[in-house]
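Numbering (my numbering), first residue to last: 1 to 459.
Built from N, CA and C at the ideal position, the CB exists for glycine as well.
The next block holds one structure in the form of structure tokens; read it before the comments.
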Amino acid sequence: MPREPEFLRARVDDYHVRRKVDLWQGCHPLQGRTPRPGDIKVRSNDYLCLADHPHVIESEIAALRTGGHGDAVSRVWVHHERDVICEFEQRVAQLMRAEDCVVCASGYTANVGLIQSFATRGAPVYLDMKAHISLHEGVVSAGARPVLFRHNDPQSLDRMLAQNGPGLVCVDALYSTDGDLAPLKEFVEVCERHGGALVVDETHSFGAQGPGGAGLVVAAGLAERVHFRTVGLSKAVASRGGLVVSSRRNIEYFRYESLPTIFSTSVMQHEVAGFDAVLDILQREDWRRDKLHANHTYLRQGLDALGYNVAASKTQIIALEPGDIRQTTVLRDALEKRGVFGAIFFPPATPDKRCIIRFTVNCGLSRHELDRIIEVCGEIREEVGMAEWRSTKRKFAGGAGTVQATKQREKAAASRLGRSRVLNSWLNNRKLNREGGSDVDLGTTRDRASGPLDNHPAK
């Protein structure tokens, strides 16, 4: 290898020395244990368990046998030919109640290309502080001016639009770190009042939410009032690729203006055959969404009863927030030692002091597996210092004290869940936060509201 110039060495040293050695004690946080047979994995985005569905696999194999990998060219050369990709795009547009749709190489390039195409140089682009990093990257590509507003705060957006004028407004329908939902109706009203154009990333909601998996915009009855929707196909669709959904006029413009679309080879035809097969399943197997929602509700209630702060989540994404990377690694190791594997998130995916372990629930988890996750999370509370987490203190700020409040929550949850085996066990063996035989009152401890540190975008 050639001798590296100083600027290159300094850049890479920042990773190898400052982060890997000094901050992470020589091991990257993503390098935890390897799951063993029988371990429970709640870190995949395959929410509906379609990655190995026979209909999807057989459809892709059939497409490979008849058409190989396809033409291996950019979609800019298609010229509206009626191929399998065009037919899939029209099916998606119909499902999402839009005029047109275009397939992109990934959800990331869909977002980058959309902002790069429709935002003008120097114009304001409004981004929720937790909007996905690809939307921020699109602003950079466009040479536009990013204007951040407080997370899920229509009033903050209203003020920013009043000060800076009309522009694209970018939000996620369902946020990928803590599973909360955007107030879409309120954002639509603010955009309409100020002449803004709303962009909603439905990556984590498409397939899992809404009628037939159409997403949260359709579920809210807002399909005719939202200008753009984007989708990454690596979540409920369990593949790769992306979508942009909008009017026919906008989609035609996008096809010939989006740099990632122009300069990327199209997704392969056998992949699109798999996408198309997933649409079949989404529209005929509602039980998958029903089971998914039942599973994440059950798990969230169990974790809440044990004192974990999971209040932000309303969906299949549930986050445990220990604090900094050291605390979060302790939690990760405690879970993995007992056979529960979530996903660790840390900077740049989160703020420094709000690292998380994310559980992504799927429809295939059994009640036994969910009970085991709850049991493990109860067992490790003292080991991981849960009572001292800032998220725990936020949960009980202004309340009646950690142990007393947890006791009430455990009893309520046990009643709701039919007094499950795990919760009954913890009703009889609470170990949450006792020091010297007395309860520690966290009722007067408050944490700051979300603010600028919450703008670390990741998915």
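- Contact annotation: Ala119 and Val112 have beta-carbon atoms that are not nearer than 8 angstroms.
- Scanning Arg18, Pro35, Glu6 and Glu99 for the CA closest to the CA of Asp333 turns up Pro35.
- In the DSSP assignment, Asp128 falls within the beta strand (DSSP E) that extends over Pro124 to Asp128.
- In the assembly as shown, Asp46 is a buried residue. Its beta-carbon has 16 or more other beta-carbons within 10 Å.
- Beta-bridge annotation (DSSP): Arg358 is paired with Ala319 and Ala343.
- 8 angstroms or more divides the Cβ of Val278 from the Cβ of Val245.
- Of the residues Val42, Leu148 and Asp172, the one whose Cα lies closest to the Cα of Tyr108 is Asp172.
- The alpha-carbon separation between Arg354 and Thr177 amounts to approximately 10 angstroms.
- With a cut-off of 8 angstroms on Cβ pairs, the region 200–209 is in contact with the region 173–192, counting three or more such pairs.
- In the structure shown, Leu114 adopts helical secondary structure according to DSSP, grouped into three states.
- DSSP places Phe228 within a strand segment (E or B) once states are collapsed to three.
- Proximity to Val361 across Thr329, His69, Phe341 and Leu216 peaks at Phe341, based on C-alpha coordinates.
- Taking 4 residues as the minimum length, the alpha helix (DSSP H) runs contained wholly in the region 171–213 are 184–194, in order along the chain.
- In the three-state scheme derived from DSSP, where H, G and I count as helix and E and B as strand, Ile40 is classed as strand.
- The closest CA to that of Pro54, considering only Ala110, Gly274, Asp324 and Ala305, is found on Gly274.
- Runs of alpha helix (DSSP H) with 4 or more residues, each lying fully within the region 81–114, are found at 84–95, listed in chain order.
- Beta-bridge annotation (DSSP): Pro146 is paired with Val125.
- Put simply, the region 123–138 touches the region 150–170. At least three CB pairs are less than 8 angstroms apart.
- About 15 angstroms separates the beta carbons of Thr203 and Val226, which is beyond the 8 angstroms limit, so they are not a contact pair.
- A distance below 8 angstroms separates the beta carbons of Thr315 and Leu181.
- For Val56, the enclosing alpha helix (DSSP H) has its first and last residue at Pro54 to Gly67.
- In the DSSP assignment, Gly242 is bridged to Cys104 and Gly232.
- Rounded to the nearest whole angstrom, the CA to CA distance from Gln301 to Ser313 is 11 angstroms.
- Rounded to whole angstroms, the gap between the alpha carbons of Val103 and Tyr253 is 14 angstroms.
- For His151, there is no enclosing alpha helix (DSSP H), since its DSSP letter is neither H nor E.
- In the DSSP assignment, Trp287 falls within the alpha helix (DSSP H) that extends over Asp286 to Ala305.
- Secondary-structure assignment with DSSP links Leu168 through a beta bridge to Val125 and Ala197.
- Thr120 carries a coil assignment under DSSP once its states are collapsed to helix, strand and coil.
- Counting along the chain, Val217 sits inside the alpha helix (DSSP H) bounded by residues Leu216 to Ala219.
- Phe263: not part of any alpha helix (DSSP H); DSSP gives it neither H nor E.
- Beyond the five residues adjoining it in sequence on each side, Ala93 comes within less than 8 angstroms, by CB distance, of Glu99, Asp100, Cys101 and Val245 in the same chain, given in chain order.
- Annotation for Leu335: the continuous alpha helix (DSSP H) segment containing it runs Ile325 to Lys337.
- Beyond the five residues adjoining it in sequence on each side, Met160 comes within less than 7 angstroms, by CB distance, of Tyr126, Val147 and Phe149 in the same chain, given in chain order.
- Of the residues assessed, Gln327 falls on the buried side of the cut-off, its CB having 16 or more other CB atoms within 10 angstroms.
- With respect to Leu299, Tyr308 sits apart: the two C-beta atoms are not nearer than 8 angstroms.
- Counting along the chain, Glu379 sits inside the alpha helix (DSSP H) bounded by residues Arg367 to Glu379.
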